[in-house]
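Peer 1: Protein sequences, first through last, are from chains A and B.
The first sequence maps to residues 1 to 488 in our numbering.
The second sequence maps to residues 1001 to 1488 in our numbering.
Dropping the structure in here first, questions after.
There are 2 protein chains.
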Amino acid sequence: MSNKGITPRSENYSQWYLDVIERADLAENSSVRGCMVIKPYGFAIWENIQKELDRRIKESGAKNAYFPIFIPKSFFSKEASHVKGFAKECAVVTHYRLKESEDGKGVIVDPEAKLEEELVVRPTSETIMYDTFSRWISSWRDLPLRINQWANIVRWEKRTRPFLRTTEFLWQEGHTVHATHGESEKEVLRALKMYSDFAKEVLALEVYSGRKSESEKFAGALNTYGVEALMQDGKALQFGTSHDLGQNFAKVFGISFADDDGKTKHPWQTSWGVSTRMMGAVIMSHSDDLGLILPPRIAPIKIAIIPIFNDESQNEVLQFSENLYEEISKVVDGVELDQREFLSPGFKFNEWEKKGVPIRIEIGKRDIEKDEVVIVRRDTNEKNSVNSREIGVRVLALLEEIQQNLLKRSTEILQNNTHEVSSYTEFKKILKGKKGFVKAYWCGREECEENIKYETKATTRCFSKEGEGNCIYCGKETADEWVFAIPY
Amino acid sequence: MSNKGITPRSENYSQWYLDVIERADLAENSSVRGCMVIKPYGFAIWENIQKELDRRIKESGAKNAYFPIFIPKSFFSKEASHVKGFAKECAVVTHYRLKESEDGKGVIVDPEAKLEEELVVRPTSETIMYDTFSRWISSWRDLPLRINQWANIVRWEKRTRPFLRTTEFLWQEGHTVHATHGESEKEVLRALKMYSDFAKEVLALEVYSGRKSESEKFAGALNTYGVEALMQDGKALQFGTSHDLGQNFAKVFGISFADDDGKTKHPWQTSWGVSTRMMGAVIMSHSDDLGLILPPRIAPIKIAIIPIFNDESQNEVLQFSENLYEEISKVVDGVELDQREFLSPGFKFNEWEKKGVPIRIEIGKRDIEKDEVVIVRRDTNEKNSVNSREIGVRVLALLEEIQQNLLKRSTEILQNNTHEVSSYTEFKKILKGKKGFVKAYWCGREECEENIKYETKATTRCFSKEGEGNCIYCGKETADEWVFAIPY
């Protein structure tokens, strides 16, 4: 560990990630296996993400609603491949009462309060929602139906890591129903674009996005599309998916509608979601050995002002700082004037640094005399003196500059770490070395995909483009180029 | 049922409530026992409630965070009276995996995936939060700590009713920790006032609020305070509570701090919450035999504009309506221009009426010729023609008038249905008749309270005031006047 309490990335990347989360006060493990506590600062970031994404989701015509957290076991097993995909990670409620143990020393599950049918804690809500949709839809006039839900989700994961993979996580799940496959396919791609736009414009993350292979698709879907970001260790992080569900669920849940041609048909469905996993992507992509770096658009505190004074200069510096705070608060939400006693300026600098606050302003007596303040930007850690009279304009411009600079950096990293290869030797060399995304042709056969995974740990992340080439593994001619990477 | 599909209140009040919910499209029963689906229109009301309450909670200094939905059984049973209060209604997770049944016909709970320690689905979060707080608090400098959580909650209820009592519901739970009992008592009353202010200012509901009796308090609390609203059938609905937890939980969860006098002490805690039950209070209080009535401040659609035309006048009326829509949207959020085809104006009037939209605007050719539009206010169903040029100012004022009128009406109902009585005969007569709130002296003995409940179904709702009187049941002299009512 460095003196900041954060393990350098070069030393241990996994530990660095955990240290950044701990030192920035984002989350911590709870006493429940695999479940985390999202602490106030981490949750404030999530709220900013939610707010902007919710706006975009509503703009698409979807409406928020809320469905039960419990799914009857029989519903869950209606769609064969769906249950197969999720059965191994389901938390199951079997009883509805506790009672005092006979020795009086505690409580036990009351064996007489056994449920007739067990309830699964939702690992995703297709089944419980579509059972309901079957009652909401009867005519083509009821379509398209667009419903979104913000909810907690439970999947019993063996190995967990804060934000990236936790037993319980928070997410948004959009579910839409359409009269034709053409329309539902459009919706799948619209949601995919919404996520990649959101990644770029809000999270400052450049990403790849596209169709996933058979083996990587959602349990029960015809096709799954995903958004993939690149982490600093060269591994890929999938942070959003959009599914073309075809008519699979409509058929088993009896959703049908009278079309305008008078015929009764099954509609076409989609579902799409992003989760608190996105937080993991943001933390892992932008941060450095000093701690968290946050894109200004999701930073709960955008600017921290730290007055530096001794007994003599205290009044003057504090007064000046308060005026500056008022001034900046007129144009920026999320300004913090750090007036905490007992703490040295150095301690405060360090704390706001670790918390990824985009701009830090330092104010000392000498600065005031020169009508200046010191501005430190977190993305580059550059220090600059600026005239305090133009502070509002300057910080506004700088916040935008930081946002754009983080995206530029992310784009460069993605580009510099994407390799187009045509030989398997080269492919393996890259994945043994700096890793990153590798574009290569693949024939589409599961056998080749599995062998590649076994030999290199890399999987197909998403479809890249049509062209001409030979399968990187078996050499067979194919038109399909794919993006490979070692995934989180 | 009337021709609007809503049972009149006079005929069957319970059925009326269910009809209003169904016809306004607020919620419906799901296939999971006791769990409801909150439909988009109902959820939009909840979002408006959330948004304004969240603002007030944050203003109080509380920060949002998120804690696990699961509580280890052993945590849950640490505070003796707490577990006693909740044990009978806990959904319990005992297994973490499903597997294919041997006959291949479905899935079963995998007996090999039994949890070592069962997990309770949170019926409230004191125990899981305070386990965490014990790690967050070590010094007086860490206090006060104010945390709020928006979450889903599960209590296995025998008899359920949409919004009022459901197995799963949504709520907000605030949890604070203080150095002294004086401070925590202040916080308990602050939260109580926040809820009663919110009821009045936002939900247009006049309420009683105050301390609850021993038998009505939260399991594990020193004292509970509640907010009580009056429904149209004369029954009381508790829609928010605030608990003085004393040091009970701090002691069992090992929360302690070094105070500034150098001594190690247990802090004093509070918790307070309101839930989707509030939606039930709003629906039941304001609505009438035509359907839902919503206070403008939480109405997702504040104004519905309905053009009335024939083939000939169509273009003119639609154009005029669109202009009016633009005009009103400049000053009001939540304006809907109902341009749906296939539906008659009468059908549309009826629909917006049932959905409780505060203002309906009807526009026909004749109105346009007179530069007028017809405005119908939902609270009184009064119709008025107003000059279309001053529409913005008029609707703004009318929305405010409707909000105030609903509060005025609620206040009058509360006052007219509050009876101060000094004889048990009178007490019983009121509770057999029109019901309502009854203020009466009670000696504080559980025996009297129980007998009153057994004989009249009325319970103490909250403490009223100190005065001089005799227990309504046993006649013993006492200073304590209480508010009684038959509760939901």
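All residues carry an ideal CB built from backbone N, CA and C; glycine is no exception.
(1) At a Cβ cut of 8 Å, what residues of the region 1010-1040 of chain B count as close to chain A, listed as they run along the chain?
(2) Using a Cβ-Cβ cut-off of less than 9 Å, give me the residues of the region 1072-1097 of chain B that come near chain A, in sequence order.
(3) Using 8 Å for Cβ pairs, my map puts A:Thr276 next to A:Trp171. What's the rounded Cβ distance?
(4) Please list, in chain order, all residues of the same chain as A:Ile298 whose beta carbon is under 6 Å from its beta carbon, the five residues on each side excluded.
(5) At a CB-CB cut-off below 7 Å, which residues of chain E make contact with A:Lys193?
(6) Closer than 7 Å by C-beta to A:Val331: which residues in its own chain qualify, once you throw out the five before and the five after it? Chain order, please.
(7) Tell me which residues share the same chain as B:Tyr1208 and place their Cβ nearer than 7 Å to its Cβ, disregarding the 5 neighbours each side in the sequence.
(8) Say whether the region 150-162 of chain A touches the region 252-262 of chain A, bearing in mind that this needs 3 or more beta-carbon pairs closer than 8 Å, one atom from each stretch.
(9) Mind listing the chain B neighbours of A:Asn64? Cutoff is C-beta to C-beta under 8 Å, in chain order.
(10) Could you give the distance in angstroms between the alpha-carbon of A:Glu28 and the alpha-carbon of B:Thr1176?
(11) Is there a Cβ from chain A that is less than 7 Å from the Cβ of B:Pro1068?
(12) Excluding the five sequence neighbours on either side, which residues of its own chain have a C-beta within less than 6 Å of the C-beta of B:Glu943, listed in chain order?
(13) Have a look at A:Trp352, A:Ser321, A:Glu201 and A:Ser271 and flag the residue whose alpha-carbon is nearest the alpha-carbon of A:Gly226.
(14) Can you pull the chain A residues whose beta carbon is under 7 Å from the beta carbon of B:Thr1132, in chain order?
(15) Assuming A:Gly469 and A:Ser422 form a contact by the criterion Cβ under 8 Å, report the distance between their Cβ atoms to the nearest whole angstrom.
(16) Have a look at B:Ala1221 and A:Pro111 and give me their C-alpha separation to the nearest angstrom.
(17) Short check: CB of B:Val1020 to CB of B:Gly1291, under 7 Å?
(18) Using a Cβ cut-off of 8 Å, pull out every chain A residue sitting near B:Trp1140, in sequence order please.
(19) Just the Cα atoms here: how many angstroms apart are B:Lys1073 and B:Ser1125?
(20) Within its chain, find whatever has a CB closer than 8 Å to the CB of B:Lys1370; leave out the 5 residues flanking it on each side and keep chain order.
(21) Below 8 Å, can you find three or more Cβ-Cβ pairs linking the region 365-379 of chain A to the region 248-255 of chain A?
(22) With DSSP run on the structure shown, which of helix, strand or coil describes B:Cys1462?
(23) Of all Cβ atoms in chain B, is any one closer than 7 Å to the Cβ of A:Trp352?
(24) What span of residues does the beta strand (DSSP E) with B:Met1036 cover, start to end?
(25) For B:Phe1169, which of helix, strand or coil comes out of DSSP?
(26) Reducing DSSP to helix, strand and coil, say where B:Pro1487 ends up.
(27) At 7 Å on the CB atoms, spell out the chain B contacts of A:Gly106, in chain order.
(28) I'd like to confirm the pairing. Which residues does DSSP put opposite A:Thr241 in its beta bridges?
(29) Taking 8 Å as the threshold, find out whether the region 62-77 of chain A comes into contact with the region 128-136 of chain A through three or more Cβ pairs.
(30) Alpha carbon to alpha carbon, how far is A:Leu18 from A:His286?
(31) If you draw a straight line from the C-alpha of A:Leu115 to the C-alpha of A:Lys105, how long is it?
(32) Kindly list the residues whose CB is nearer than 6 Å to the CB of B:Ala1479, restricted to its own chain and excluding five residues on each side of it in sequence; keep chain order.
(33) What residues of chain A sit near B:Trp1156, judged by a beta carbon separation below 9 Å?
(34) Taking 7 Å as the CB-CB limit, is B:Glu1102 close to chain A?
(35) Closest to B:Ala1199 by CA distance: which of B:His1243, B:Lys1212, B:Ala1281 and B:Pro1068 is it?
(36) Report the neighbours of A:Leu164 on chain B: residues whose CB is nearer than 9 Å to its CB, in chain order.
Peer 2: Working from what's here:
(1) Residues passing the 8 Å Cβ filter: Glu1028, Ser1030, Ser1031, Val1032, Cys1035, Met1036, Val1037, Ile1038, Lys1039 and Pro1040.
(2) Identification of residues in the region 1072-1097 of chain B having a C-beta nearer than 9 Å to some C-beta of chain A yields Pro1072, Lys1073, Ser1074, Phe1075, Phe1076, Ser1077, Val1083, Lys1084, Phe1086, Ala1087, Lys1088, Glu1089, Cys1090, Ala1091, Val1092, Val1093, Thr1094, His1095, Tyr1096 and Arg1097, given in sequence order.
(3) Going by Cβ atoms, the distance from A:Thr276 to A:Trp171 rounds to 7 Å, so yes, they are a contact pair.
(4) Answer for A:Ile298: Ile45, Asn48 and Ile49, listed in chain order.
(5) Checking the listed chains, one finds no chain E in this structure; the protein chains it contains are A and B.
(6) Annotation for A:Val331: Gly392 and Leu396 place their beta carbon closer than 7 Å to its own, counting only its chain and skipping 5 residues before and after.
(7) Excluding sequence neighbours, B:Tyr1208 sits near Glu1228, Phe1437, Arg1461, Cys1462 and Val1483.
(8) Because the criterion of three Cβ pairs below 8 Å is not met, the region 150-162 of chain A and the region 252-262 of chain A do not touch.
(9) Scanning chain B for C-beta atoms nearer than 8 Å to the C-beta of A:Asn64 yields Pro1040, Phe1043, Ala1044 and Glu1047, reported in chain order.
(10) Taking the straight line from one Cα to the other gives about 19 Å.
(11) At least one C-beta of chain A is nearer than 7 Å to the C-beta of B:Pro1068.
(12) No answer is possible for residue 943 of chain B: the residues shown for chain B start at 1001 and end at 1488.
(13) Among A:Trp352, A:Ser321, A:Glu201 and A:Ser271, the Cα nearest to that of A:Gly226 is on A:Ser271.
(14) Taking a Cβ-Cβ threshold of 7 Å, the residues of chain A close to B:Thr1132 are Ser30 and Val37, in chain order.
(15) Between A:Ser422 and A:Gly469 the Cβ distance is about 7 Å, and since that is below 8 Å, they are a contact.
(16) If you draw a straight line from the Cα of B:Ala1221 to the Cα of A:Pro111, it comes to about 29 Å.
(17) Taking 7 Å as the cut-off, the Cβ atoms of B:Val1020 and B:Gly1291 count as close.
(18) Scanning chain A for C-beta atoms nearer than 8 Å to the C-beta of B:Trp1140 yields nothing, as the closest lies near 12 Å away.
(19) Roughly 13 Å between the two C-alpha positions.
(20) Once the five neighbours on either side are set aside, the close Cβ partners of B:Lys1370 are Ser1385.
(21) No: fewer than three Cβ pairs fall under 8 Å.
(22) B:Cys1462: strand per DSSP, three-state reduction.
(23) Interface annotation, A:Trp352: not in contact with chain B, CB-CB separation never under 7 Å.
(24) Met1036 to Ile1038 is the span of the beta strand (DSSP E), which, as asked, contains B:Met1036.
(25) In the three-state scheme derived from DSSP, where H, G and I count as helix and E and B as strand, B:Phe1169 is classed as strand.
(26) The answer is strand: DSSP assigns B:Pro1487 an E or B state.
(27) In chain order: Ser1077.
(28) Answer by DSSP bridge pairing, in chain order: A:Gly226 and A:Gly273.
(29) The region 62-77 of chain A, when compared against the region 128-136 of chain A, does touch it at the 8 Å Cβ threshold.
(30) Looking at the two C-alpha atoms, the distance is approximately 14 Å.
(31) When rounded, the separation of the alpha-carbon atoms in A:Leu115 and A:Lys105 is 25 Å.
(32) Closer than 6 Å at the Cβ level, and outside the excluded window around B:Ala1479, lie Glu1466.
(33) Those within 9 Å of B:Trp1156 in chain A are Tyr96, Arg97 and Ala113.
(34) Judged by the 7 Å Cβ criterion, B:Glu1102 is not in contact with chain A.
(35) Considering only alpha carbons, the answer is B:Ala1281.
(36) Result: empty, since nearest Cβ-Cβ is about 16 Å, beyond 9 Å.
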